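Q: Everything in the sequence shown is counted per UniProt numbering, starting at 1 for the first residue and increasing by one.
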Amino acid sequence: MTVVPETGECAPTTAHAISSDAAAMVAGTLKAMADPLRLRMLSAIAADPRGECCVCDLAELADVSQPTVSHHLKVLREADLLLSERRGTWVYYRIAPARRDAVTDLLSTFATAATPDAGEVNALTSS
1 MTVVPETGEC
11 APTTAHAISS
21 DAAAMVAGTL
31 KAMADPLRLR
41 MLSAIAADPR
51 GECCVCDLAE
61 LADVSQPTVS
71 HHLKVLREAD
81 LLLSERRGTW
91 VYYRIAPARR
101 DAVTDLLSTF
111 ATAATPDAGE
121 VNALTSS
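(1) Smallest Cα separation from D63: which of L76, M33, R40 and E9?
(2) If D107 sits next to A46, beta carbons under 8 Å apart, how far is it from one beta carbon to the other, in whole angstroms?
(3) Taking all protein chains shown into account, do 16 or more other C-beta atoms lie within 10 angstroms of the C-beta of H71, making it buried, or fewer, making it exposed?
(4) Output the distance between the C-alpha atoms of L76 and V55, rounded to the nearest integer angstrom.
(5) Roughly how far, in whole angstroms, is the beta-carbon of A32 from the beta-carbon of A98, given that I think they are within contact range, below 8 Å?
(6) Per DSSP, what kind of secondary structure is S84 in: helix, strand or coil?
(7) Please classify I95 as buried or exposed, where buried requires at least 16 neighbouring CB atoms within 10 angstroms.
(8) Could you name the residues of the same chain whose beta carbon sits closer than 7 Å to that of A102, not counting the 5 residues immediately before and after it, in chain order?
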């Protein structure tokens, strides 16, 4: 809200609000990403020099069953975050080109904010 100086009344402002459609799309994407294993999978794929990972590599990120890994990958595919390609018996995953910058920016921003710097680590471990 913005206060109108002449009247002192509040006037609603939506100058910086995203549209309802955009908000729904972003919320759906964030919901799909809101799982630690899914974030680790996205991070592993984004960090891989080939730009893709085999499902066998992603399964090694956590001690979960293959159906659980497949479920998490399906959620990320349905959110249009990942593309997949079957090669023989293996499936390879890569971040959708239209989402790559957003995913890598989000991961790097939040991972950096969530990781204490060396001084904080030392203070925490010496207590």
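Here a beta-carbon is modelled for each residue, glycine too, at the ideal position from N, C-alpha and C. The structure presented is a predicted model; accordingly, all values stated were derived computationally and were not measured.
A: Concretely, from the data shown:
(1) R40
(2) Note that residue 107 is Leu in the sequence shown, not Asp. So it is a contact: roughly 6 Å between Cβ atoms.
(3) Exposed: under 16 other Cβ atoms inside 10 Å.
(4) 13 Å
(5) Wrong, their Cβ atoms sit about 15 Å apart, outside the cutoff.
(6) strand
(7) buried
(8) none
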